[in-house]
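The sequence shown lines up with residues 1 to 230 when you count with the UniProt record's numbering.
What follows is a set of notes on a single structure, which appears directly below.
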Amino acid sequence: KMDNDLQQASRTMYKLVKTFEKTPGLCDISKQVKSELEEFMPVMPLVTALRNPGMRMRHWEQLTAVVGEDMTQACDESFTLTKLKALKLDDKIEEVTKVCEVAGKEFAIEQAMDKMEAEWKGVALEVVAYRESGTFVLKGVDVIQQLLDDHIVMTQSMSFSPFKGPFAPRIDEWETLMRLVSDIFEEWIKVQRQWMYLEPIFSSDDIMRQLPTEGKRFAGVDRTWRKVMS
């Protein structure tokens, strides 16, 4: 946006110089502003690069090493365009831009991690009463499983990124957590489906008399299930 604004301002001042050509005072002011804009143009790529929202102290320190000047001052609000021009970085634009581009790609990973963590804050395991069983079962499991699968795929993709460096431990920890939760959830759903299938069968007195051993085993599972779901 800044590039567009600058281009638009430059075009406007060019027109004003022409418009006020026969009005010396206004023409001089227009020329002065136009000259200042043209002076600012070459610095624009640096300003755009340094304004990358992903810039962190590590990046400012990298820039310091690259340009041989203390660039940590550039992250301060008091840092002005005049100070930037005084650093005379015209021949370092490519090196500066590379560091800032890396900062942007790292920032994208950071934002993606923050987004995944935030998505779980609104997730709750919902349970509903199951028929006349006197206990509960999980509801809405497909949505949670899909979220787990999506996050596992995303963290796997991030783990192969050449820009994961600062977030590698966080990515690994998140992937491990998602896989653990996914495994637990998968087993939980598997047990729930089996319990829902067997509960009405072993609720029958006839079945319990015909299959006493199996009935006893199911009764143990049933007690555990009810305890967990209560």
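Think of the CB as a built atom: it goes at the ideal place given N, C-alpha and C, for glycine as much as any other residue.
Small disclaimer: the values here were computed from a predicted structure and weren't measured.
Would you give the residue range spanned by the beta strand (DSSP E) that phenylalanine 136 belongs to?
Numbered from its first residue, the sequence shown carries residue 136 at position 136. Where phenylalanine 136 is concerned, the enclosing beta strand (DSSP E) starts and stops at 136 to 139.
So glycine 220 packs on isoleucine 207, CB below 8 Å; how close in whole Å?
The count along the sequence shown starts at 1 and reaches residue 220 at position 220. The count along the sequence shown starts at 1 and reaches residue 207 at position 207. By a beta-carbon distance limit of 8 Å, glycine 220 does not contact isoleucine 207. Their separation comes to about 16 Å.
Whether or not the stretch 189 to 206 and the stretch 149 to 156 are in contact is what I'm after, with contact meaning three or more pairs of Cβ atoms, one per stretch, closer than 8 Å; do they touch?
The stretch 149 to 156, when compared against the stretch 189 to 206, does not touch it at the 8 Å Cβ threshold.
Once DSSP output is grouped into helix, strand and coil, what is the label at residue 260?
Because the chain in this structure spans residues 1 to 230, residue 260 falls outside the shown range and cannot be described.
If distances are taken between C-alpha atoms only, which option among Ser35, Leu26, Asp70, Asp28 comes closest to serine 10?
In the sequence shown, residue 10 corresponds to position 10, counting from 1. If we check each option's Cα against that of serine 10, Ser35 comes out closest.
Starting from serine 129, follow its DSSP beta bridges and name the residues at the other end.
Counted from its first residue, the sequence shown places residue 129 at position 129. According to the sequence provided, residue 129 is alanine. The question's serine does not apply to it. Looking at the DSSP assignment, alanine 129 forms a beta bridge with Phe136.
Sub-8 Å separation of lysine 105 and phenylalanine 163 beta-carbons:
In the sequence shown, counting from the first residue as 1, residue 105 sits at position 105. In the sequence shown, counting from the first residue as 1, residue 163 sits at position 163. Yes. Within cutoff.
Under the assumption that methionine 55 contacts cysteine 27 (Cβ atoms under 8 Å), give the Cβ distance between them as a whole number of angstroms.
The residue labelled residue 55 in the question sits at position 55 within the sequence shown. The residue labelled residue 27 in the question sits at position 27 within the sequence shown. Actually they are not in contact, since the Cβ atoms of methionine 55 and cysteine 27 sit about 40 Å apart, beyond 8 Å.
For the putative contact between valine 127 and glutamate 95, defined by C-beta atoms under 8 Å, what is the C-beta separation to the nearest angstrom?
Counting from 1 along the sequence shown, the entry for residue 127 is found at position 127. Counting from 1 along the sequence shown, the entry for residue 95 is found at position 95. Wrong, their Cβ atoms sit about 57 Å apart, outside the cutoff.
Euclidean distance between Cα positions of glutamate 61 and lysine 85:
As a position in the sequence shown, residue 61 is number 61, starting the count at 1. As a position in the sequence shown, residue 85 is number 85, starting the count at 1. Taking the straight line from one Cα to the other gives about 19 Å.
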